[in-house]
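Residue numbers (the working numbering), protein chains in the order written: chain A, 782 to 990; chain B, 782 to 990. Every residue gets a Cβ at the ideal spot worked out from N, C-alpha and C, and that includes glycine. Data first, discussion second: the structure below is written as structure tokens.
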DNA sequence: GAAAAAATACCTGTAAACTAGTAGAAAAAA
DNA sequence: TTTTTTCTACTAGTTTACAGGTATTTTTTC
């Protein structure tokens, strides 16, 4: 008989929380001890309570999943993180794994697979669904490290995505158009893309804007 | 005592289906009679069964929510559609309403609001959450009709979003670069944007690519 | 306080994008 | 079958983007 796995769920959709509770409820070796809709409440809870697994959504109102994952791994090394999201973008998944996530599932997961994943992770193994494994395998070849954008670069990127031209961005930020051009060029280079159109697409995919 | 509302749920995430069943299960005047993960199965079911409300996700593998809504309203005028999605883009919501949806909720809805919405819709009223009402109200002013893109235009749009330049798109489709330029121009005009970068952003927002 | 990173600005040149028209042929809809 | 839409292609001119440099100043970080 396995020891009961204590699980906390973090997701900003009450419906998904209900779904997770219902899915894991059928397995009496998993106990959902708490659910949170934001990162702040999770960390408050973790200060006073001990659990085995955190089921973590990527898209939360107050903090992004990758940063939460990083913080958890740093503060609570024994706590296992299971990423759960609709995002199937390789860069997001890779970042999660890099920052200590022990598993990742898409939200089209079945109850059965979910419970298997929880147990496997709780026992110190890792778990990635077949779909995720394929995505990761396919992305081995085009392995660009995830670029870090500066504050100013993100600002420029947002404006570029809104269709504002270089001279007008310069005007808006009261800097030289030449500076805007430089930032723009650096963005394109950092993200490894060909032009602004693709830049916007990749930026949206990687949740940068 | 109210009559029991027969509900079918269409969502490609088993977790959300579980969540919906759990949320509606607490109200004994709502009966979830069937759940589907795609449009095809839904329509097969509707041919032989009668229900009151369809809870419909926008993002399904085989068909988009707007088209499903249009088909349901056309074939089964008495059937009420309640849109349920994470998409808070005004154009998507407007299209759903235009094609007969009686209500729309975001997936961050609570169980309570969900049951209220179901009953209200079942009784012939409409229901939009406060958040959705605000989104719709804010979008009254910038009221551009949703542009219809042709097949060729969508093709060009996809390639533009991938960062492919006009001459190379022309080469790929074996048409004149001048033709590609024309399509590109029409796209920018139809979508009411300033340039390719913004075009890509809007196109992604409106789920065109 | 020194070193590193980021933000600023400039130059030169080429390629592509955008503006604004027109217009015929093919395909789809009425 | 006529009408409308879509796809195609053209001319000509302006603006912006992109490539590949260099370099100073300001801000963080160590």
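- Going by beta carbon distance, what residues of the same chain come within less than 8 Å of residue 813 of chain B, once the five residues before and after it are set aside? 788, 789, 790, 801, 802, 805 and 806
- Item | residue 883 of chain B classed as buried or exposed, judged by whether at least 16 other C-beta atoms fall within 10 angstroms | buried
- Query: In chain B, what lies closer than 9 Å to residue 985 of chain A by C-beta?
  - Reply: Those within 9 Å of residue 985 of chain A in chain B are 981, 982, 985 and 986.
- Task: Quick one: residues in its chain with C-beta nearer than 6 Å to the C-beta of residue 729 of chain B, no 5 flanking neighbours on either side, listed in chain order?
- Result: In the structure displayed, chain B extends from 782 to 990; residue 729 of chain B sits before or after that span and is not available.
- Could you give the C-beta distance for residue 990 of chain B and residue 930 of chain B, rounded to a whole number, given that I count them as a contact under 8 Å? Not a contact, Cβ separation roughly 10 Å.
- Taking C-beta pairs closer than 8 Å, name the residues in chain A that residue 952 of chain B reaches, listed in chain order. Under the 8 Å cutoff, chain A gives no residues; its nearest Cβ is about 15 Å from residue 952 of chain B.
- Message: Please give me, in chain order, every unbroken run of the beta strand (DSSP E) with length at least 3 that falls completely inside the segment 860-891 of chain A.
- Response: 861-866 and 882-887
- Query: Would you say residue 797 of chain B reaches chain A, if we count a Cβ-Cβ gap shorter than 8 Å as a contact?
  - Reply: yes
- Item | Interface residues of the segment 838-857 of chain B facing chain A [CB-CB below 7 Å] | none
- Per DSSP, what kind of secondary structure is residue 789 of chain A in: helix, strand or coil? strand
- Give the secondary structure of residue 827 of chain B by DSSP, where H, G and I count as helix, E and B as strand, and everything else as coil. helix
- Query: Taking 8 Å as the CB-CB limit, is residue 830 of chain A close to chain B?
  - Reply: no
- Task: Starting from residue 843 of chain B, follow the alpha helix (DSSP H) in both directions and report where the run begins and ends.
- Result: Going by DSSP, residue 843 of chain B is part of no alpha helix (DSSP H) at all; its letter is neither H nor E.
- Message: As a quick exercise: from A:829, A:854 and A:828, pick the residue whose alpha carbon is nearest that of residue 837 of chain A.
- Response: Checked all of A:829, A:854 and A:828; the closest Cα to residue 837 of chain A is A:854.
- Query: Ordered along the chain, which non-local residues of its own chain (more than five positions away) have a Cβ less than 8 Å from that of residue 851 of chain A?
  - Reply: Taking C-beta separations shorter than 8 Å and ignoring five residues to either side along the sequence, the partners of residue 851 of chain A in its chain run 880 and 881, following chain order.
- As assigned by DSSP and simplified to three states, the class of residue 897 of chain A: helix
- Query: Roughly how many whole angstroms lie between the Cα atoms of residue 782 of chain B and residue 811 of chain B?
  - Reply: Annotation note: pLDDT 46 at residue 782 of chain B (below 50); position unreliable, coordinate value reported separately. In a straight line, the C-alpha of residue 782 of chain B is about 12 Å away from that of residue 811 of chain B.
- Query: What does residue 849 of chain A pair with, by DSSP beta-bridge criteria?
  - Reply: Its beta-bridge partners do not exist; DSSP assigns none.
- Whose C-beta lies closer than 7 Å to the C-beta of residue 974 of chain A among residues of the same chain, with five residues either side of it excluded? 980 and 983
- Task: Ignore the nearest five residues each way along the sequence and tell me which others in residue 893 of chain A's own chain have a CB closer than 7 Å to its CB.
- Result: none
- Item | Under 9 Å from the C-beta of residue 943 of chain A: neighbouring residues of chain B | 975, 978, 979 and 982
- Nearest chain A C-beta to residue 786 of chain B closer than 8 Å, yes or no? no
- Query: Does the beta carbon of residue 963 of chain B sit closer than 8 Å to a beta carbon anywhere in chain A?
  - Reply: Not an interface residue.
- Sufficient close CB pairs (3 or more, under 8 Å) joining the segment 912-928 of chain A to the segment 953-965 of chain A: no
- Roughly how many whole angstroms lie between the Cα atoms of residue 827 of chain A and residue 856 of chain A? 10 Å
- Three-state class that DSSP yields for residue 981 of chain B in the structure shown: helix
- Can you grab the Cα-Cα spacing for the pair residue 832 of chain B / residue 824 of chain B, in whole Å? 12 Å
- Query: Using the C-alpha atoms, what's the distance from residue 933 of chain B back to residue 906 of chain B?
  - Reply: 40 Å
- For residue 865 of chain B and residue 889 of chain A, the rounded distance between their alpha carbons: 16 Å
- Query: In its own chain, which residues sit with a C-beta less than 8 Å from the C-beta of residue 968 of chain A, not counting the 5 before and 5 after it?
  - Reply: 930, 934, 937, 938, 941 and 980
- Message: I need the DSSP call for residue 990 of chain A, collapsed to helix, strand or coil.
- Response: Here residue 990 of chain A carries a coil assignment [DSSP, helix/strand/coil].
- Message: Suppose contacts are defined by Cβ-Cβ distances below 8 Å. Is residue 861 of chain B in contact with residue 902 of chain B by that definition?
- Response: yes
- Item | Member of A:818, A:830, A:829 and A:858 whose CA lies at the smallest distance from the CA of residue 846 of chain A | A:818
- Task: Could you tell me which residues DSSP pairs with residue 909 of chain B in its beta bridges?
- Result: B:885
- Per-residue burial, residue 794 of chain B [other beta carbons within 10 Å of its own, 16 or more giving buried]: buried
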